[in-house]
Amino acid sequence: MPVTLSPQRNPVFTPHTPVAEATPPPQPSATLRSQLWSDFCSPIGPMQGGGPCSQGHVRTWSSAAESPYLPEVPDGCEDGRRALRRNKRPGRLPCCSFWSRIRITSEGILNCSDGAQGKRRKPMAPVVYIQDIDRYVGQEVTLRGWLYSRTDKGKLQFLQVRDGTGFIQCVVFQKEVPESVFAAATRLTQESSLIVTGIVRQDPRAPGVPGGYELGVTDLQVIQIADEYPIQPKEHGVDFLLDHRHLWIRSRRQWAILRVRATVIRAIRDWLDSHGFINLDTPILTPAACEGTTTLFQTDYFGEPAYLSQSGQLYNEANIYAFGRVYCFGPTFRAEKSKTRRHLTEFWMVEPEIAFCDLEQLMEIEEQLVTYIVQTCLRERARELALLERDTRPLEKVEPPFPRISYDEALELLAQIREETEDENLKELLKIEWGSDFGSPHETELTKRFEKPVFVYGYPTKAKAFYMEPWPGRPEVCKSVDLLAPEGYGEITGGSERISDPDLLIQRLKEWNLPREAFEWYIDLRRYGSVPHSGFGLGVERTVAWICGIDHLREAIPFPRTLKRVYP
RNA sequence: UCCUCGGUAGCUCAACAGGUAGAGCGGCCGGCUGUUAACCGGUUGGUUGCAGGUUCGAGUCCUGCCCGAGGAGCCA
C-alpha cells in the first residue's frame, strides 16, 4: 500500500513561497481549475521565492492559465529546452513532472541567458498522509487537505486539518512563519482546501486521529477559501444533516463510521475469497419477485415491467451448481413503506450460497464470517471505534460458537420475559402467537439475554419464504436461521437450507400462489444434479450499525435512501 | 395506513396567561502564545411551514393543508 506520494509526481509546493501572491482570490468555478493548476504548477512561485528570472520568462508559460500540460519554454532557457527534448512525448507530460526536472537543474534554469542568479531551493518536503504521520516525527512534511476548524489565539493559530486519512492539528506561530503565511492562515474558513508544510512533532495535547502529533507549520498554501460552511462542529437536527449529507460525510463521526463500513466490506470479501467462495454478480434488473411477497420498485424495461432486485439468492443457487461456493454482493431494493431506524429502501447485502451444506454447517460458516468481520474491525479500526466512543468489550466477546436456540425456545424465552417485566407496555408489545415471525420488540428483548450474536432457527414454515427445506418430521417448521446481533441490534443475517426436491418445490410454489412459469429455470436446478444446499444474506448496514454502536442505519451508508428521502 | 412529537435567524433553541420576536453558535470587526464545540468585547442577522379564521392585537387560540422525525404495521 502506498503511504506517501512521490515528490516526483507531486512537486506542487515550494517552501517559503510568498503566500499572499500565490493564493488565489475566491474564483468563479469556471476558472477554478486553471487557477488551481496555476498555483500548483506554475513556476512563478518558486522563481520568485528563489530569485526570479529578470526577463520574467516563467510568466509566459501557458500552463498557468490554459492547460495543465506542458508549458512553453522561452528562448534562452537552454536547460528548459533540454528538459523538453528529453521528454519523448512532451504533450502528455504534466507540467508538475516537468517542473520536477527543472528543479533538478534549477541552477541552470535560474541562471537564464541574461545571467540572473537564483538560489538553490530547499529540498521539498515529502507529501504524506496523516494516517502515517507517526513515521515522520522531527521531519518536515507536506499535507494536502481541508481545514476542519480553526482556533485563533492572536499570535498563535491552531488549524485542525483533515486529509481523508485522519485529522491533525497544525500550529502556526506568528514569529515562526513569514508574515504572508500567518495572514493566509487567518483568512482560512472552515473547509477551505490547503497545502500545509511543517515539522512533525509529538505532543500529547494535540487532538486528532491518530492524535498526539501536530505539525509546526513552516508554510501554507491556500487552494480555495471555502464559502461559509453550513455544518458547524456542534449539534444539528437530523433533517438538516441529511439535506447536507454530501457535506456531513466529512465530519468526524460520519468519517469514522464509513471507514468502518469499508473495512466490514473488505473483511467480508477477504474471508469469503479465502474460504473457497467465488464472487459472482447477480442481476439487479429482474423479471419478477424473488419471494413474491415484498413490494418491489418497478422500472420500465423497454415497455415491459422489470423490478429492482431484492435478492440475488435464486441466481446464486444456479451459480453453486457451476462453482460450488459462491457469493453475490450488491445493492438490494425494497419498496416497503417501512419508516424505522432499521430500514432503508436501498441497502447492501452479501449473500453466500453453498452446495453440499446443511443448516448446521451454514451456521458454522456464518459465525466464522461474522467473527472475522468483528475482529478485523477491532484490529484495524480501533481509532475510528474510539472516536465513536464505542464500548468494544461486547465486540471482543464475539467468537464461535454462537448460542443456538430454536424458534420454540425463543417463544418460551419471550413468555418468560413477559412474566418478569413490570412494564405493561412491553408486555403488550411482546405478545406473540406460535406461527408469527418476530417483530422488532421481540428481537430486541431476545438479544438482550445474550452476550454474543444468537442464532434462532426452525421458524414456522408459513412465516418464511417458499423455498425453505422443511424440518424432518415437522413440516410446519422449516430449516431456516436468523442471526440476531446483541445489544438490541436484531437481525443481521437470514438464511436457510433450500428445498432440493423438485416435486416439493413445485408444490410450494402452488401453495404460495407463485407463477410456476417464472420459476421454471429455478425448478430446473432441482432436476439436474440436485444437492442439499444452503445460503444466507448478511445486511451490511445493520452489521456496520452494530459494530459502530450507532442507532440508525442511515448513518451506515454514504447516501441513505429512505421512505422520505432520495436527496442528495 | 395508524399513533406520538415537531416546523421561529444560516444552525440549535427560547418567547409565561394573546401584548415591541430573543439567546447561544456561525459570519464580520477588534483582542489574546496551547486551543480542544476556546475565551473576551463589538456587530450582523426574521415572510415564526402554507392558507384561512377569531381578536383592538396571533409565534401563541381555531380550521384545513404541507413537510419532517420516532414508533407500530409492513419487511428473508
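Numbering of the first sequence is given in the numbering used here, commencing with residue 683 and proceeding in unit increments. Virtual Cβ for every residue (Gly too), placed ideally from N, Cα, C.
Residue burial classification, Phe1011 (beta-carbon count within 10 angstroms, cutoff 16): Phe1011 is buried by the Cβ-count criterion.
Assigned secondary structure, Arg879 (DSSP; H/G/I helix, E/B strand, else coil): What sits at residue 879 in the sequence shown is Thr, not Arg. The answer is strand: DSSP assigns Thr879 an E or B state.
Cβ contact check for the segment 813-831 and the segment 876-888: 3 or more pairs under 8 Å: With three or more CB-CB distances shorter than 8 Å, the segment 813-831 counts as touching the segment 876-888.
Coil, strand or helix - Leu1093 by DSSP: Assignment of Leu1093 by DSSP, reduced to helix, strand and coil, places it in the helix class.
Short Cβ contact (8 Å threshold) for Met1031 with Leu1235: No.
Close Cβ partners of Phe979 (< 7 Å) along its chain, the five nearest in sequence each way excluded: For Phe979, where only same-chain residues beyond five positions count, the Cβ hits under 7 Å are Tyr989, Leu990, Phe1015, Ala1017.
Boundaries (first-last residue) of the alpha helix (DSSP H) holding Glu682: A query on residue 682 cannot be resolved here, the shown segment of the chain reaching from 683 to 1250 and no further.
For Leu897 and Ala807, the rounded distance between their alpha carbons: The straight-line gap from Cα to Cα measures roughly 13 Å.
Integer-rounded CB distance, given that Glu1173 should sit under 8 Å from Asp1164: Right, their Cβ atoms sit about 5 Å apart.
Coarse secondary structure for Tyr1003, derived from DSSP in three states: In the structure shown, Tyr1003 adopts helical secondary structure according to DSSP, grouped into three states.
Euclidean distance between Cα positions of Glu1066 and Val891: Roughly 8 Å separates the two Cα atoms.
Distance, Leu929 Cα to Pro1154 Cα: Rounded to the nearest angstrom, the two C-alpha atoms are 54 Å apart.
Bridge partners - Trp1030, DSSP secondary structure assignment: Note: Trp1030 sits in a beta bridge opposite Pro1013.
Assigned exposure category for Tyr1249 - 16 Cβ within 10 Å defines buried: The residue is exposed, with fewer than 16 neighbouring Cβ atoms inside 10 Å.
Local Cβ density within 10 Å of Arg869, reported as buried at 16 or more and exposed below that: Of the other Cβ atoms in all chains shown, fewer than 16 fall within 10 Å of the Cβ of Arg869; this residue is therefore exposed.
Beta-carbon contacts of Thr968 that lie in its chain and below 6 Å, excluding the five residues immediately before and after: Contacts found: Tyr989, Ser991.
Status (buried if at least 16 other CB within 10 Å, exposed otherwise) for Ser956: With fewer than 16 other Cβ atoms from the protein chains shown falling within 10 Å of its own Cβ, Ser956 counts as exposed.
Distance CB(Pro1142)-CB(Gly1121) smaller than 8 Å: Gly1121 sits away from Pro1142, with the two beta carbons spaced by 8 Å or more.
C-beta atoms of Leu838 and Gln851 nearer than 8 Å: For the pair Leu838 and Gln851, the CB atoms are not nearer than the 8 Å cut-off.
Separation of Asn998 from Gly958, as counted between CA atoms: Computed Cα separation, rounded: 15 Å.
C-alpha distance - Asp963 paired with Thr945, whole-angstrom precision: Straight-line measurement puts the Cα of Thr945 at about 20 Å from the Cα of Asp963.
Member of Ala867, Ala888, Leu1112 whose CA lies at the smallest distance from the CA of Ala682: Since the first residue shown for the chain is 683 and the last is 1250, residue 682 is missing from the structure and cannot be characterised.
Gln1098, DSSP secondary structure in three states: Three-state result, Gln1098: helix.
Leu996 versus Tyr1204: straight-line alpha-carbon distance, rounded: For Leu996 and Tyr1204, the distance between alpha carbons rounds to 7 Å.
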